[in-house]
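I have placed the structure first, in the form of structure tokens, so that the comments after it can refer back to it.
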Amino acid sequence: MTEATILHADLDSFYASVEQLLNPELRGRAMAVGGGVVLACSYEAKAFGVRGGMSGRKAKELCPHLIFVHGHFDQYQRLGDAAIDVMRDYTPVIERISIDEAFADVAGCTHLFGSPETIAVTIRKRVRDELGLPISVGVARTKHLAKVASQVAKPDGLVVVRPGTELEFLHDLPVGLMWGVGPVTEQKLRDEGITTIGQLANTPGKSLRGLLGEAVGEKLADLAWDRDTRSVETRHSARSAGAQSALGRKPATESTYKPTLRHLADRVTSRLRAKSLVGRTITVRIRFADMRSITRSSTLDAPISATVIVAEVAEELVRTALAEYPREKTITLLAISVSHIGAQPQIQLELPLGLVDEKHRPGTRQGLARWSADRAMDKARTRFGRESIGYAITQLEGRKSVPDAFRELAEKNL
DNA sequence: TCTGGGGTCCTAGGACCC
DNA sequence: TCTGGGGTCCTAGGACCC
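In full-length UniProt numbering, the protein residues as written are 1 to 414.
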């Protein structure tokens, strides 16, 4: 029997906990970070049904005395890093999945620090004592089970799933706790009378695949029987990079989308260049007033990272897509994503290669000028800050729906 | 006064090739 | 002449995660 050496650690209601740490008056109170939209909320607020992603108005309806605070985003980054660093004191085998969550495999270090359970207890105590934050930990033989265990442990708890007791632990739990079961899948399963993981496990694989599709059906059957073979991966390379902007309601015209797409292209490509990455596929997403959205994409012959090229391709995709929907007069969101990402070939550090058409071609004056302009701007921003310089057209008017600091938190994973 | 922003993976159909 | 099967890539949409 393999030992249970995988830990999943998850800071509880992270942003809200940090705010309560910084301001004692918020402790024990129903509070949320955000305003227009709830970015995070305290357990006291959750008791009223308030949830992350909910509109501020809806949250206030559910919980009239809810207190809204602006986020201390720099503190989230610092404290999230510090919590992960506590885990790193016990093992280098760490897979961070977000600002407040990570897997660790302690198989190689139990001779130094004691059993996985002992290590989990120590990590929880240290994060509480040194950082002042509650953190829940699950310990199990597989990643999926460790993750489920940490969810069961919340708030501020520890759950160890001992080898041999996995199915006993898993099968009474609701299917919604499984990784990969969201609202849609949960409803489909409920329609079949399946509400627990045990019921799911005892459903024939064939009917599961028929109901949920080949891959999802297969995956859930495996997870329900605790057949999770994934290991803790310390390295991660991005497959795509994107940026989006909610617009409120704006007319579906070029004067709306052109400046927005410039701005988004600038955000995405400067992040790519900062990591010496290039991408081949450019995808745009347009959301209409009724929340339906469409995507259009274009795959280039060669990978790129120049702002103007991404912007021009995106504009053409949006122009063409909107022409297909002449009755849509209003758009509410625009997004750009660059995928097919890879490392920038070394030679591109000297010359821009593989641009889309004649005028962008390496060695031509325009291609070179555009690439040089991007490089110069990236350098200036590194020295003087992001806001110091930009293509004039990318500087958008109007209030921001979400602080830039919040976007930057979400960006870390490239 | 409808619902933020950043990602991953899967599906299904069509084009194209062998 | 008609037919078959497999593989890869691209596109558009959708579910899910933090």
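In this text, a Cβ means the ideal position worked out from N, Cα and C, and glycines have one as well.
Same chain only: Cβ atoms within 8 angstroms of residue i, ignoring 5 sequence neighbours per side
{"i": "isoleucine 67", "result": "Leu26, Arg29, Ala30, Met31 and Ala32"}
{"i": "leucine 349", "result": "Low local confidence applies: a pLDDT of 47 at leucine 349 is under 50, so the model's placement there is unreliable, and no value is given."}
{"i": "threonine 332", "result": "Ala246, Leu247, Gly248, Arg249, Lys250, Arg287, Phe288, Ala289 and Met291"}
{"i": "serine 150", "result": "His8, Ala9, Asp10, Ser136, Val137, Gly138 and Val159"}
{"i": "glutamate 328", "result": "Ala252, Phe288, Ala289 and Leu322"}
{"i": "glutamate 44", "result": "Gly28, Arg29, Ala30 and Met31"}
{"i": "glutamate 411", "result": "Arg271"}
{"i": "valine 181", "result": "Val175, Leu189 and Leu220"}
{"i": "leucine 409", "result": "Phe73, Tyr76, Gln77 and Ile99"}
Backbone secondary structure at residue i - three-state DSSP
{"i": "isoleucine 309", "result": "helix"}
{"i": "leucine 158", "result": "strand"}
{"i": "isoleucine 119", "result": "helix"}
{"i": "methionine 87", "result": "helix"}
{"i": "cysteine 41", "result": "strand"}
{"i": "methionine 377", "result": "helix"}
{"i": "proline 24", "result": "helix"}
{"i": "serine 372", "result": "helix"}
{"i": "phenylalanine 113", "result": "helix"}
{"i": "threonine 320", "result": "helix"}
{"i": "histidine 8", "result": "strand"}
{"i": "threonine 382", "result": "helix"}
{"i": "glutamate 3", "result": "coil"}
{"i": "proline 362", "result": "Residue placement at proline 362 is poorly supported in this model, since its pLDDT is 44, which falls under 50; the coordinates still yield a value, given next. Coil, per DSSP."}
{"i": "glycine 242", "result": "strand"}
{"i": "serine 207", "result": "helix"}
{"i": "phenylalanine 14", "result": "helix"}
{"i": "glutamate 19", "result": "helix"}
{"i": "residue 458", "result": "It is not possible to answer for residue 458, since the shown part of the chain is limited to 1 through 414."}
{"i": "glycine 49", "result": "coil"}
{"i": "arginine 96", "result": "strand"}
{"i": "serine 237", "result": "coil"}
{"i": "valine 127", "result": "helix"}
{"i": "leucine 79", "result": "helix"}
{"i": "glutamate 101", "result": "strand"}
{"i": "alanine 215", "result": "helix"}
{"i": "alanine 335", "result": "strand"}
{"i": "valine 152", "result": "helix"}
{"i": "glycine 108", "result": "helix"}
{"i": "glycine 342", "result": "strand"}
{"i": "glycine 34", "result": "strand"}
{"i": "arginine 407", "result": "helix"}
Inter-residue CB distance, residue i and residue j (contact presumed, cutoff 8 angstroms)
{"i": "tyrosine 76", "j": "phenylalanine 113", "result": "Actually they are not in contact, since the Cβ atoms of tyrosine 76 and phenylalanine 113 sit about 28 angstroms apart, beyond 8 angstroms."}
{"i": "leucine 261", "j": "alanine 314", "result": "5 angstroms"}
{"i": "glycine 56", "j": "valine 38", "result": "6 angstroms"}
{"i": "alanine 146", "j": "leucine 7", "result": "6 angstroms"}
{"i": "serine 297", "j": "threonine 320", "result": "That belief does not hold up - the Cβ atoms of serine 297 and threonine 320 are roughly 11 angstroms apart, past 8 angstroms."}
{"i": "valine 106", "j": "threonine 5", "result": "5 angstroms"}
{"i": "valine 278", "j": "isoleucine 304", "result": "6 angstroms"}
{"i": "residue 416", "j": "phenylalanine 406", "result": "Residue coverage of the chain in this structure runs from 1 to 414, which leaves residue 416 outside it and unanswerable."}
{"i": "residue 419", "j": "glutamate 168", "result": "Because the chain is modelled from 1 through 414, residue 419 falls outside the range shown and cannot be assessed."}
{"i": "alanine 265", "j": "valine 310", "result": "4 angstroms"}
{"i": "aspartate 404", "j": "alanine 274", "result": "At roughly 15 angstroms, the Cβ-Cβ gap does not stay under 8 angstroms, so aspartate 404 and alanine 274 are not in contact."}
{"i": "arginine 88", "j": "isoleucine 94", "result": "6 angstroms"}
{"i": "alanine 335", "j": "arginine 285", "result": "4 angstroms"}
Residues near residue i by beta carbon distance below 7 angstroms, same chain, minus five either side
{"i": "alanine 153", "result": "Ser136, Val137, Gly138 and Val159"}
{"i": "threonine 364", "result": "Reliability of the predicted coordinates at threonine 364 is poor, the pLDDT of 49 falling under 50, and the value obtained from them is presented with this limitation in mind. Here the set comprises nothing."}
{"i": "arginine 124", "result": "Ile135, Val137 and Leu158"}
{"i": "valine 127", "result": "Ala83, Val86, Leu133 and Ile135"}
{"i": "valine 121", "result": "Leu158"}
{"i": "lysine 188", "result": "Leu211 and Leu212"}
{"i": "threonine 142", "result": "Ile6, Asp226 and Asp228"}
{"i": "aspartate 357", "result": "The pLDDT assigned to aspartate 357 is 46, lower than 50, so where the model puts this residue is not dependable, and the model offers no usable value."}
{"i": "aspartate 100", "result": "Asp10, Leu11, Phe14 and Gly80"}
{"i": "valine 184", "result": "none"}
{"i": "serine 339", "result": "Arg239, Ser240, Gly279, Thr281 and Thr283"}
Close beta carbons around residue i, own chain, < 6 angstroms, minus the five adjacent residues each side
{"i": "threonine 229", "result": "none"}
{"i": "cysteine 41", "result": "Ala16, Ala32 and Val50"}
{"i": "alanine 221", "result": "Gly205 and Leu208"}
{"i": "leucine 62", "result": "Phe48, Gly49 and Val50"}
{"i": "methionine 54", "result": "Val38"}
{"i": "glycine 35", "result": "Gly56 and Phe68"}
Item to complete: Take every Cβ of the region 11-23, pair it with every Cβ of the region 133-146, and state whether three or more of those distances are shorter than 8 angstroms.
Response: yes
Worksheet item: Which runs of the alpha helix (DSSP H), 4 residues or longer, sit entirely within the region 244-276?
Response: 254-274
Discussion item. Threshold first: 3 residues or longer. Then list the beta strand (DSSP E) segments lying entirely within the region 274-301, N to C.
Written reply: 277-288
Discussion item. Going residue by residue through the region 165-200, where are the continuous alpha helix (DSSP H) segments of at least 4 residues, counting only ones entirely within it?
Written reply: 166-171 and 183-191
Worksheet item: Would you call the region 238-246 and the region 195-208 in contact, with 3 or more CB pairs under 8 angstroms?
Response: no
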